[in-house]
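S.K.: To start, I am sharing the structure in question, which I have written as structure tokens.
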Amino acid sequence: MVFIFPTLLSMKLQPLLLLLVMYFCAFAASSEIASEANALLKWKSSLDNQSRASLSSWSGNNPSIWLGIACDEFNSVSNINLTNVGLRGTLQSLNFSLLPNILTLNMSHNSLNGTIPPQIGSLSNLNTLDLSTNNLFGSIPNTIGNLSKLLFLNLSDNDLSGTIPSEIVHLVGLHTLRIGDNNFTGSLPQEIGRLMNLRILDIPRSNISGTIPISIEKLSILSHLDVESNNLSGNIPLRIWHMNLKHLSFAGNNFNGSIPEEIVNLRSIETLWLWKSGLSGSIPKEIWMLRNLTWLDMSQSSFSGSIPRDIGKLRNLKILRMSKSGLSGSMPEEIGKLVNLQILDLGNNNLYGFIPPQIGFLKQLGTLDLSDNFLSGEIPSTIGNLSNLYYLYFYHNSLYGSIPDGVGNLHSLSTIQLSGNSLSGAIPASIGNLINLDSMLLHENKLSGSIASIIGNLSKLSVLSLYSNELTGPIPASIGNLVNLKTIYLDGNKLTGSIPSTIRNLSNVRKLTFFGNELGGKIPIEMSMLPALENLQLADNNFIGHLPQNICIGGTLKNFSADNNNFIGPIPVSLTNCSSLIRVRLQKNQLTGDITDAFGVLPNLDYIELSDNNFYGQLSPNWGKFRSLTSLMISNNNLSGVIPPELAGATKLQRLHLSSNHLTGNIPHDLCNLPLFDLSLDNNNLTGNVPKEIASMQKLQILKLGSNKLSGLIPKQLGNLLNLLNMSLSQNNFQGNIPSELGKLKILTSLDLGGNSLRGAIPSMFGELKSLETLNLSHNNLSGNLSSFDDMTSLTSIDISYNQFEGPLPNILAFHNAKIEALRNNKGLCGNVTGLEPCSTSSGKSHNHMRKKVMIVILPLTLGILILALFAFGVSYHLCQTSTNKEDQATSIQTPNIFAIWSFDGKMVFENIIEATEDFDDKHLIGVGGQGCVYKAVLPTGQVVAVKKLHSVPNGEMLNLKAFTCEIQALTEIRHRNIVKLYGFCSHSQFSFLVCEFLENGSVEKTLKDDGQAMAFDWYKRVNVVKDVANALCYMHHECSPRIVHRDISSKNVLLDSEYVAHVSDFGTAKFLNPDSSNWTSFVGTFGYAAPELAYTMEVNEKCDVYSFGVLAWEILFGKHPGDVISSLLGSSPSTLEASRLDHMALMDKLDQRLPHPTKPIGKEVASIAKIAMACLTESPRSRPTMEQVANELVMGSSSSMD
């Protein structure tokens, strides 16, 4: 019994022990659950009131029934999912160590802030962590590497910083890593290849730098790789292109290299984003093999070449973006096979040629953008098939023809932009069917006809832009139906009639521009019922009556112009007290009224122009309270009184125009404290001295004080205004000498000191005014000689009449062109101007100017003493003898001596030339032409010149005396930076030659024939050379009197200096045109450049040069003579000529292949030159543009007026 009892006892106690174990387990579990609940409740209490309200279900000790909480079978918290419930607070109060069984923690899309606590690393069972889209900051804790069971990590869209912890590579089970849209520093972890199970790696827009680690090639099952918009650089690891990726984005980085051919291995790829990636080169033609591709974006890149034709095989493609990617060539018609395409964006490239009609097959297309290219031809009618089109952008191309009626079928269209083309014809009535249209921009075309009333159907329209067309007729009353309009641009047309009263319905309109039309009548009273109006432009029309009385009714008007009309009456009070105003232009009307106190203080007013009206009263001191004012212009009115010194309070004032009023008093000294660049006070009754404080106005560019009653000395302080371009002090009573300090005004172009009481000589420092073009010193008491002008080679207009000047006229352009009216009534001027006495030899030798110009020949001392009085004759006799018979005299050059030198840059003598060329030895020969040989000569001074020696015949006579005479006459009459400069000439029985400036790069012909030189002759240089030649010809044709026609413009006669500036040369065939008769001549010129009409008429005019210029321009662009293109152009029948004329694709294909295809911005100028040249090559001379038109078009960078 003793032994049985313990056994029996233990058997009886087993249930009790089991019960005790179960009790203790339950107690422990309930204790754990309670601690989890307490941890969560404590965290809840740290959140803001709104967050606590959102978690109102969080109470008691049973988390399984709480919002966003899930528990496991033991009632322990396993999942926390609180996404998008509006939580505000931090994670610092959440005790993660009390939540050991959590598998999922998702608090994304809230407003949590603060840092991620390091204790999060204690969640050892966690497989999903999503804290994305919050406001978390600080760095990712290193303890993240302790979450060894983590499969999904998303920390994207926060404000995290610091480096990506290297411990993240310990998460070897991770299949998704999203940490983009943060602000990290440093690079990707180098051992990222350890995450072998990674399928998604998404780190866009996170400021990551450095290179992509090579270890990334180990991520063999990666299907999504996105590192968009970081600062990554270097080469892309090659094996990435072999991965089984579905999504790949390298966009927005700075990678090196090109797209490799290995891209064909991305057979599963669906989205490929390479925009702005730094990759360059051509697009691999094998890209068509990516048959699963649905989205391809290669925009904003530096690719080259054309769009591969096989791109049409990407039948699944829905989005194709290649804008601003450097592409050239034509649009392949195969693009029409992409029938699933929804977005096609090829804008801002260098595409040319026609828009393929196959574009009409893309019936799923919602966006079509071909803007900013060089596309030509007509808009294909098949565009009307794109019934799902929402956005249509064809702006800034060279499209012509009419807008197809089929556009009216695009019922879904929201935006149509066809601006900046050459479209013509009427706006199609079918456009009224586009009832969903929000924006219609057709400006800068050649559209004609009237604005149809059916436009009133477009009730959803918010932007209507039709400016710069040729539209006529009235503004339709139906425009009042467009109640959603915010912007209307109708300026720059030929619209007539009055503004319809229905304008009152446009209660949302902010911008109304009607300027530059032929509108008339009174402004309807309804114009004052537009409460949202910010910008109203009525200028340059024929409006009458009063200005709108309540134009600022909404208090939002910022810009108002009504200038150049026939408005009368005062400025409306609504306008003068409109505090929102920024710019006001009311000049050139018939407005009246006392302006003294008309304007309240307008705090935002920047610019006001009231000139050329009939305002009276005084200039109010209140103008000094306009703190934003930069321009105040009230010229040509009837203002009286003084200029108030308070005006200096307008501390931003830069332009002050008060000319042609009746202002009196002194110029206030306080004005000199303003940052003025334009001060015009001329034609008033101002008195006193010019304040010396004017020296502080360092920004001043224009100073006009003429026609007042100012007196005293011209202040020498004016010489400190180094930015002055134009200064007029004329018609005052200034006395004393001209201050020598004015010679410091290096960029001054116009100076008028006429009509004063100035005396003394012209200061020698005047010669420093190298930029001066116009000078008036007339009606003073100035004296002395004119030697100070000798080096003022930019001077083109001069008036020194009514002074006491004496001596010879300077040998510069201004005096060559001067009329007697600009020289009369002086003491003793002489020179080669009708009305003046010619200068005698002795007077010339005695003058310093003539000493600079006369030839000095070293002769034996004894002979020199004997013939000193006959110096000029001795030089002529020894160096340049010629026959004295009358016949020879009749054909000799009309100069005072047989040997003559005009020296602009230094002294040269006959012996120097002979010695420098070693009696014209062939080793100095640099060119041979029809009239002579050209030699390079280095003078003793080191100056290099080109010497053109005319061919001689056996009897010693010149082969072509007429050509020699003509070239001298032309080059001494004209002076231009793009025309070769003549230094001197010699007419001699032994040698007759011209001495010109030496141009280092030789002729255009020579440059184009040498491949090395042609490649250095890049597009920028070529465009500038074409402009240079155009400027030279424009000067000869339009600024010279008489006009000069070159008659032999060709690539051999255009020379380039070391900076590739072009200089027109060889004027032996030039002809001065007689304006009073026809000009007939024998044929001269170079075949291939001569105008076709010279084959049947010998009448010459400027249009011959225009044709030759067109040939030369094409030759410069094509790199060779364009004979075949010209033949096909002139050989076209009338029916095909227009198409040929506008087919730029063929022209752009012929550009010099030795250079890369021109890209923007130079590509636009190349296309413009090609188009202008085509206009110059028109067979009919009458239809060719003038060189002035050509030069202007080249400056504008547009050839619109040539079409």
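According to mature numbering (1 follows the signal peptide of the UniProt record, and there is no 0), the residues represented by the sequence shown are -30 to -1, 1 to 1173, in order. For every residue, glycine included, the Cβ atom is placed at its ideal position computed from N, Cα and C. Nothing here was measured: the structure is a model prediction, and the numbers come from that model.
1) Does R992 come out as helix, strand or coil in the three-state DSSP assignment?
2) Identify every residue that forms a DSSP beta bridge with Y322.
3) From S753, L580 and S372, pick the residue whose C-alpha is nearest to that of S734; which is it?
4) State the DSSP-derived secondary structure class of F1057, mapped to helix, strand or coil.
5) Determine which residues share a DSSP beta bridge with Q588 and list them.
6) I need the DSSP call for M697, collapsed to helix, strand or coil.
7) By DSSP's criteria, T562 is part of a beta bridge. Which residues make up the other side?
8) Can you tell me whether DSSP reads W245 as helix, strand or coil?
9) Taking only the alpha-carbon atoms, compute the straight-line gap between D42 and L158 and give it to the nearest angstrom.
10) Taking 6 Å as the limit between beta carbons, can you name the residues of its chain near R1152, skipping five residues before and five after?
11) Which of the three DSSP states, helix, strand or coil, is assigned to S1168?
12) Could you work out which residue in P174, I239 and L208 is closest to G222 when comparing CA atoms only?
13) If you check the beta carbons only, do C1010 and I944 fall under 7 Å apart?
14) Which same chain residues, not among the five before or five after L1164, have their C-beta less than 6 Å away from its C-beta?
15) Look at the alpha carbon of V234 and the alpha carbon of G282, and state the distance between them as a whole number of angstroms.
16) Can you tell me whether Q20 is buried or exposed? The criterion is at least 16 other CB atoms within 10 Å of its CB, across all chains shown.
17) Please check the pair D652 and N678, which I expect to be a contact at CB under 8 Å, by giving their CB distance rounded to whole angstroms.
18) Look up Q387 in the DSSP assignment and give the residues it is bridged to.
19) Can G515 and N475 be called in contact, C-beta distance under 7 Å?
20) Pull up the distance between the alpha-carbon of L244 and that of L417, whole angstroms please.
21) Can the beta-carbon of E967 be found less than 7 Å from the beta-carbon of K951?
22) For a quick check, are the C-beta atoms of C809 and P778 less than 7 Å apart?
23) Can G1093 and G1058 be called in contact, C-beta distance under 7 Å?
24) Going along the chain, which residues of its own chain have a beta-carbon closer than 6 Å to the beta-carbon of E187, five neighbours each way excluded?
25) Using a 10 Å radius around the Cβ and a threshold of 16 neighbouring Cβ atoms, would you call E6 buried or exposed?
26) At what residues does the alpha helix (DSSP H) containing F785 begin and finish?
27) Can L242 be considered in contact with the ligand SAH, in the sense that its beta carbon sits closer than 6 Å to one or more heavy atoms?
28) Note down the Cα distance separating S26 from S190, rounded to an integer number of angstroms.
29) Between the Cα of D981 and those of G912, Q1123, V1095 and D1027, spot the shortest distance and give me the residue it belongs to.
30) Do you know how far the Cα of N415 is from the Cα of E1158?
31) What separation, rounded to the nearest whole angstrom, lies between the Cα atoms of M820 and I938?
32) Among L723, N128, L120 and D891, whose alpha-carbon lies nearest the alpha-carbon of L168?
33) Where does P1128 land, buried or exposed, given buried means 16+ other C-beta within 10 angstroms?
34) Using the three-state DSSP reduction, which class does S873 fall into: helix, strand or coil?
35) Could you check what DSSP says for T911 in three-state terms: helix, strand or coil?
36) Apart from the five residues just before and just after K595, which ones in its own chain have a Cβ nearer than 7 Å to its Cβ?
M.R.: Working from what's here:
1) Per DSSP, reduced to three states, the secondary structure at R992 is helical.
2) F344
3) Comparing Cα-Cα distances from S734 to each of S753, L580 and S372, the minimum goes to S753.
4) coil
5) S610
6) strand
7) Beta-bridge partners of T562 (DSSP): N584.
8) Looking at W245 - three-state DSSP - the assignment turns out to be coil, as it is neither helix nor strand.
9) 37 Å
10) none
11) With a pLDDT of only 43 at S1168, under 50, the local geometry of the prediction cannot be trusted, and the value read off the model is given with reservation. Looking at S1168 - three-state DSSP - the assignment turns out to be coil, as it is neither helix nor strand.
12) P174
13) yes
14) Excluding residues within five positions, the ones whose Cβ falls inside 6 Å are K997 and A1000.
15) 16 Å
16) exposed
17) 7 Å
18) Y363 and L411
19) no
20) Take the alpha-carbon of L244 and the one of L417: they are about 39 Å apart.
21) Contact flag set, yes.
22) Yes, these two residues count as a Cβ contact at 7 Å.
23) yes
24) So the qualifying residues of the chain are P207 and R209.
25) By the 10 Å Cβ count, E6 comes out buried.
26) Counting along the chain, the unbroken alpha helix (DSSP H) around F785 starts and ends at L783 to H786.
27) As for the ligand SAH, it is missing from this structure, which has no ligand bound.
28) Note on geometry: alpha-carbon atoms of S26 and S190 lie some 47 Å from one another.
29) Q1123
30) 23 Å
31) Only weak support is given to the placement of M820: the predicted model assigns it a pLDDT of 36, under 50, and the value that follows is read from those uncertain coordinates. Spanning the two alpha carbons is a distance of roughly 20 Å.
32) L120
33) buried
34) With a pLDDT of only 39 at S873, under the threshold of 50, the placement of this residue in the model should not be trusted, and no figure is reported.
35) It is coil, neither helix nor strand.
36) Close CB contacts of K595 within its chain, under the 7 Å cut and outside five residues either way in sequence, are with V571 and G619 (chain order).
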